[in-house]
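Enquirer:
There are 4 protein chains.
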Amino acid sequence: MDEPFAPKTGLIVGVGPGLSAALARRLSRAGVRLVLAAREIGKLEELCAETGAEAVTCDATDREMVEALFRTVDDHLGPLDLCVYNAGLRLRGPVPELDPAAVERALAVNAFGAFLVAQQAVRRMLPRGRGCLLFTGATASLEGRAHSAPFAMGKFALRGLAQALARELHPQGVHVVHLVIDGRIRRPGEGPGEPPDSTLDPADVAETAWHLVSQPRSAWSDEIVLRPWVEPF
Amino acid sequence: MDEPFAPKTGLIVGVGPGLSAALARRLSRAGVRLVLAAREIGKLEELCAETGAEAVTCDATDREMVEALFRTVDDHLGPLDLCVYNAGLRLRGPVPELDPAAVERALAVNAFGAFLVAQQAVRRMLPRGRGCLLFTGATASLEGRAHSAPFAMGKFALRGLAQALARELHPQGVHVVHLVIDGRIRRPGEGPGEPPDSTLDPADVAETAWHLVSQPRSAWSDEIVLRPWVEPF
Amino acid sequence: MDEPFAPKTGLIVGVGPGLSAALARRLSRAGVRLVLAAREIGKLEELCAETGAEAVTCDATDREMVEALFRTVDDHLGPLDLCVYNAGLRLRGPVPELDPAAVERALAVNAFGAFLVAQQAVRRMLPRGRGCLLFTGATASLEGRAHSAPFAMGKFALRGLAQALARELHPQGVHVVHLVIDGRIRRPGEGPGEPPDSTLDPADVAETAWHLVSQPRSAWSDEIVLRPWVEPF
Amino acid sequence: MDEPFAPKTGLIVGVGPGLSAALARRLSRAGVRLVLAAREIGKLEELCAETGAEAVTCDATDREMVEALFRTVDDHLGPLDLCVYNAGLRLRGPVPELDPAAVERALAVNAFGAFLVAQQAVRRMLPRGRGCLLFTGATASLEGRAHSAPFAMGKFALRGLAQALARELHPQGVHVVHLVIDGRIRRPGEGPGEPPDSTLDPADVAETAWHLVSQPRSAWSDEIVLRPWVEPF
């Protein structure tokens, strides 16, 4: 068996109480030192205390804030091994009624911010010939549905970015993973649902994310879809 | 056989000398009265003369210009039957070297502009329960490739928009077609290539586009891919 | 515009009263001389009278019968331009309850027969560097669903065959079309449904099939999906 | 975190020296008691000694042999938790030159045998509402390529089976995994290639297979693709 990839440093952009928090905990447990970025970091205090992470305020769609974020990463973590883009904006509605400004913002958060963050990460990873980029997708990454046009636009764009990055970066030693969540993630404190486990436990998602991040380069996956056992598809 | 759809009025956004010009000619031949929109309409004089079309200056990423364009369409054509979004911006390069502002612009032209135009068209078509939206895709709509991240982002987003629109609008009587060009379109005056027909003849593409636009609602297609016989895929 | 493909001779394997009959009529109207093959040809009398076609008894899963069929085609039609494989066997049921012999038969009819027929056709078309193969798929070609395992196996296999043939034969001048019917085809004498056109009119499907068969080689499609406007997808 | 699935018994059908052997070792290491089936079991002696597995002679395309195999599984292992179908037959060649009997055999090994085995396994798993089916796919599962028609037919059919089973069985508690190997698996004793890890290490593939098998039901994947970092796709 080849050496699994064992990141020592990680950045998560777009941190809330759900999947990203579970991922931060899983990474921390594996010894990964973390920077967590969010538009509002007040809510991250507990998670930072628990994981030893540094929180940074950042709007991922703002080029200068992203550049500043990565300077903090450089200072705080040194060479970056793992970069997660988890920012997302779920905008829904019948097409005639959507607010164009909100649609533009959804494209920016779901897709353009991912490019800005990926570019900074890639510039740091390529010279070392190692690293991993993780993007989180949704049902809308795979299928455009009625009343979901703006979210589908953003998540499709993110998948296009992830595919292009995988084809460009894999032969240079940088692994790209598109993690598609096809179902509803259980909220903190929420029970397992009825029937049990009909919602995604974020810790379970984090476990699969960690497995893919750890894959040795002889057998990389660039995409995986996760859904509860009872989820129609 | 059911009644084919026979549009009487059409708008093409993003008109140049290639596919869009061939489509304008094909539509004109079928008796469709046209408005053609482009950022620079000086170059459209001949095409307008040939097809009787009205040319309108419009940057499709600018909400106010798009609204003004549709007021012109209302005045000039009356009820709109067919709306084609053909604007596109092909931006390529290794991810570390791309200019973020150019990437943002590519997303706007390839995807956000399509939303702005589609929304205006849909608002006019839904009350009548009829109409057709046509979007032009590319190889990058289907596959993100190395050095093609920004174009893949935009074209994936456009496909997500087209799929969401198809699922939302088909049951309301409005047909959505995503026409994917998987190869290089022959330039005006260019020969058929070697081997012959190794590039796409825009008139041939326009013929298939017209067939799909004309489909009766008992048997609609929402996507088709076209490529030359010798094109690898 | 390049020369459209104008077949003069055609074979349809798997002829019943639905899509294949509509296709025979459409081809006949375009001047194509036809051989129609089915396991029981008694029912084809009227269609043969109408289209001038010759009917041949053939079980497409039987190698010798397929070879005999093509000898009849050689004698009756001369060089074959178009070959349609429309035989299919829709077998459904929960996996634990399916009869293995029936599953084996479904694979044979939906997929192996298509190979036998395609091979004979290709041997005749390749030396001339022209011809078209048309295969008819179904919703199960795109998605394996509960209680549909055997049909999905057969229709997926058929799609794999069509893709491999397209990549192998297109650069040699032979066009391959996979026509996917994603909905229910209207039966002879059946009305348009409620809402109107909620089932596929076979004449409309035949019209799109004919368009794809006719495409000039500068702009070929290898697959198209057709569904009624109100069909969920 | 939910309870991961921890199979105690396993059957692998189609065992050779590559992926299946690595998987047997990985399962054995996790405490899974095994039956290994192959057409010729002479070559399995060492692997059985190493893993404590029982070897059974079985042609997976033969209904009676498959039924007998499962009676042995019942006797030897008791309730079956995990069933792996790894039998495959890679048949290639230009379509005009293929031997129809060989094509029929390829369909039987790649697809029909998988149905026979899956049916027996499902009949045992459904009453307990738990279990996992694992199928191994290849590049040809995703794309039909020139000279690969029969292999694509078989592997597409297998994917159709896996998808239908996933949709049918997931809500009944049985997990289905389609593991797609998109590259060449390293042979026993073969070095890591040049550049290193340009072939798939079977132990790495087995590790990801084990991860998916172990997924708790709140977050199941039904498909994953694995390829070496330098593999074009």
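Protein chains in written order, with the numbering used here: chain G, 226 to 458; chain Y, 226 to 458; chain F, 226 to 458; chain P, 226 to 458. No residue lacks a Cβ here, since even glycine has one placed at the ideal position from N, Cα and C.
What's the C-alpha gap between L294(P) and A365(P)?
Expert: One-based indexing of the fourth sequence puts residue 294(P) at position 69. One-based indexing of the fourth sequence puts residue 365(P) at position 140. Cα to Cα, the separation comes out at about 28 Å.
Enquirer: Per DSSP, E322(F) is paired with what?
Expert: As a first step, residue 322(F) is located in the third sequence; it is residue number 97 there, counting from the start. DSSP, once it has assigned bridges, lists no residue as partnering E322(F).
Enquirer: Kindly indicate if chain F contains any beta-carbon less than 7 Å away from that of V450(Y).
Expert: Taking the second sequence and counting its residues from 1, one reaches residue 450(Y) at position 225. Chain F, which has a Cβ nearer than 7 Å to the Cβ of V450(Y), makes this yes.
Enquirer: Cα separation between R250(Y) and E275(Y)?
Expert: Reading the second sequence from its first residue, position 25 is the one you call residue 250(Y). Reading the second sequence from its first residue, position 50 is the one you call residue 275(Y). One C-alpha to the other measures close to 8 Å.
Enquirer: Do you know how far the Cα of A285(F) is from the Cα of V328(F)?
Expert: Working through the third sequence from its first residue, we reach residue 328(F) at position 103. Working through the third sequence from its first residue, we reach residue 285(F) at position 60. Answer to the nearest angstrom: the Cα atoms are 16 Å apart.
Enquirer: So Q440(P) contacts chain G; which residues on that side make the cut at Cβ distance below 9 Å?
Expert: Here residue 440(P) refers to the residue found at position 215 when the fourth sequence is read from its first residue. Here the neighbours are D429, E432, T433 and L451.
Enquirer: Could you tell me whether the Cβ of A363(F) comes closer than 7 Å to any Cβ of chain P?
Expert: Stepping through the third sequence from its first residue, residue 363(F) is reached at position 138. Chain P contact via Cβ: absent.
Enquirer: Indicate whether at least one CB of chain G lies closer than 7 Å to the CB of A374(Y).
Expert: Sequence index remark: in the second sequence, residue 374(Y) carries index 149 (1-based). Yes, A374(Y) lies at the interface with chain G (some Cβ there is under 7 Å from its Cβ).
Enquirer: Is the CB of M350(Y) under 7 Å away from at least one CB in chain G?
Expert: On the second sequence, residue 350(Y) is found 125 positions in, with the first residue counted as 1. Not one chain G Cβ lies under 7 Å of M350(Y).
Enquirer: Please check if any C-beta of chain Y sits within less than 7 Å of the C-beta of A331(F).
Expert: On the third sequence, residue 331(F) is found 106 positions in, with the first residue counted as 1. Closer than 7 Å: no.
Enquirer: Would you mind sorting R452(G) into buried or exposed? The rule is 16 or more other CB atoms within 10 Å of its CB.
Expert: On the first sequence, position 227 is the one that residue 452(G) refers to. It counts as buried.
Enquirer: Using CA atoms only, rank isn't needed, just tell me which of H403(G), V455(G) and H436(G) is closest to L425(G).
Expert: Taking the first residue of the first sequence as position 1, residue 425(G) is located at position 200. Of the candidates H403(G), V455(G) and H436(G), the one whose C-alpha sits nearest the C-alpha of L425(G) is V455(G).
Enquirer: Hey, would you say I410(F) sits closer than 7 Å to P427(F), going by beta carbons?
Expert: Position 185 of the third sequence holds residue 410(F). Position 202 of the third sequence holds residue 427(F). Yes, the Cβ-Cβ distance between I410(F) and P427(F) is below 7 Å.
Enquirer: Determine the direct distance from the alpha carbon of R315(G) to that of A331(G), and round the result to whole angstroms.
Expert: The count along the first sequence starts at 1 and reaches residue 331(G) at position 106. The count along the first sequence starts at 1 and reaches residue 315(G) at position 90. One C-alpha to the other measures close to 7 Å.
Enquirer: With a threshold of 7 Å between beta-carbons, can V405(Y) be considered close to chain F, or not?
Expert: Sequence index remark: in the second sequence, residue 405(Y) carries index 180 (1-based). No, V405(Y) lies away from the interface with chain F (no Cβ there is under 7 Å from its Cβ).
Enquirer: Assuming D227(F) and D447(Y) form a contact by the criterion Cβ under 8 Å, report the distance between their Cβ atoms to the nearest whole angstrom.
Expert: Position 2 of the third sequence holds residue 227(F). Position 222 of the second sequence holds residue 447(Y). Not quite, the Cβ-Cβ distance comes to about 26 Å (not below 8 Å), so this is no contact.
Enquirer: If you scan the region 348 to 392 of chain F from start to end, which runs of the alpha helix (DSSP H) of 4 or more residues do you find wholly inside it?
Expert: Entirely contained in the region 348 to 392 of chain F, the alpha helix (DSSP H) runs reaching 4 residues are, in chain order, 364 to 367.
Enquirer: Let me see if you follow: with CB-CB separation under 7 Å, is L386(F) close to chain Y or not?
Expert: Here residue 386(F) refers to the residue found at position 161 of the third sequence. So no, L386(F) is outside the interface.
Enquirer: Starting from I410(G), follow its DSSP beta bridges and name the residues at the other end.
Expert: The residue given as residue 410(G) occupies position 185 in the first sequence. Per DSSP, L425(G).
Enquirer: Under DSSP, the beta strand (DSSP E) around L261(P) begins and ends at which residues?
Expert: As a working note, residue 261(P) is residue 36 in the fourth sequence. Unbroken beta strand (DSSP E) run through L261(P): R258 to A263.
Enquirer: Return the chain-ordered list of same chain residues with a C-beta closer than 6 Å to the C-beta of L244(Y), the five sequence neighbours on each side being excluded.
Expert: The residue given as residue 244(Y) occupies position 19 in the second sequence. Closer than 6 Å at Cβ, skipping near neighbours: I410, P427 and V430.
Enquirer: Using the C-alpha atoms, what's the distance from S423(G) back to L269(G)?
Expert: For this step, residue 269(G) is matched to residue 44 along the first sequence. For this step, residue 423(G) is matched to residue 198 along the first sequence. If you take the alpha carbons of L269(G) and S423(G), they lie about 27 Å apart.
Enquirer: Using only the alpha-carbon positions, how far apart do K233(P) and V257(P) sit?
Expert: One-based indexing of the fourth sequence puts residue 233(P) at position 8. One-based indexing of the fourth sequence puts residue 257(P) at position 32. Each residue's alpha carbon lies about 5 Å from the other.
Enquirer: Looking at the structure shown, is G235(F) part of a helix, part of a strand, or coil, going by DSSP?
Expert: For the purposes of this step, residue 235(F) is identified with residue 10 of the third sequence, where counting begins at 1. It is a strand residue.
Enquirer: According to the Cβ coordinates, are G385(P) and F381(F) closer than 7 Å?
Expert: Taking the first residue of the fourth sequence as 1, we reach residue 385(P) at position 160. Taking the first residue of the third sequence as 1, we reach residue 381(F) at position 156. It is a contact, given that the beta carbons lie within the stated cut-off.
Enquirer: Express the C-alpha separation of M350(G) and T282(P) in angstroms, rounding to a whole number.
Expert: Reading the fourth sequence from its first residue, position 57 is the one you call residue 282(P). Reading the first sequence from its first residue, position 125 is the one you call residue 350(G). Using only the alpha carbons, I get a separation of about 50 Å.
Enquirer: Three or more beta-carbon pairs under 8 Å between the region 306 to 321 of chain F and the region 337 to 344 of chain F, yes or no?
Expert: Because the criterion of three Cβ pairs below 8 Å is met, the region 306 to 321 of chain F and the region 337 to 344 of chain F touch.
Enquirer: Which residues in the same chain have their Cβ closer than 6 Å to the Cβ of A363(Y), if we skip the five residues on either side of it in sequence?
Expert: Here residue 363(Y) corresponds to residue number 138 of the second sequence, with the count starting at 1. Taken in chain order, the residues that qualify are K380 and I406.
Enquirer: Measure the C-alpha to C-alpha separation of D324(F) and F360(P) and round it to an integer number of angstroms.
Expert: Position 99 of the third sequence, counted from the first residue, corresponds to residue 324(F). Position 135 of the fourth sequence, counted from the first residue, corresponds to residue 360(P). Their backbone Cα atoms lie some 21 Å apart in a straight line.
Enquirer: How about R355(G) and R392(Y): do their beta carbons lie closer than 7 Å?
Expert: Looking up residue 355(G) in the first sequence gives position 130. Looking up residue 392(Y) in the second sequence gives position 167. Contact: no.
Enquirer: Return the Cβ separation of V399(G) and V438(G) in integer angstroms, given the expectation that the two are a contact with Cβ distance under 8 Å.
Expert: Counted from its first residue, the first sequence places residue 399(G) at position 174. Counted from its first residue, the first sequence places residue 438(G) at position 213. Actually they do not touch by this definition, with Cβ atoms about 12 Å apart.
Enquirer: Quick check on DSSP: helix, strand or coil for V401(Y)?
Expert: What you label residue 401(Y) is simply residue 176 of the second sequence in a count that begins at 1. The answer is strand: DSSP assigns V401(Y) an E or B state.
Enquirer: Return yes when the Cβ of A263(G) is within less than 7 Å of the Cβ of V240(G), no when it is not.
Expert: Looking up residue 240(G) in the first sequence gives position 15. Looking up residue 263(G) in the first sequence gives position 38. Yes, these two residues count as a Cβ contact at 7 Å.
Enquirer: Does the beta carbon of V402(G) sit closer than 7 Å to a beta carbon anywhere in chain P?
Expert: Here residue 402(G) is taken as the residue at index 177 of the first sequence, counted from 1. It does not: the Cβ of V402(G) has no partner Cβ on chain P nearer than 7 Å.
Enquirer: Three-state secondary structure (DSSP) at C308(F)?
Expert: Taking the third sequence and counting its residues from 1, the one referred to as residue 308(F) is at position 83. Looking at C308(F) - three-state DSSP - the assignment turns out to be strand.
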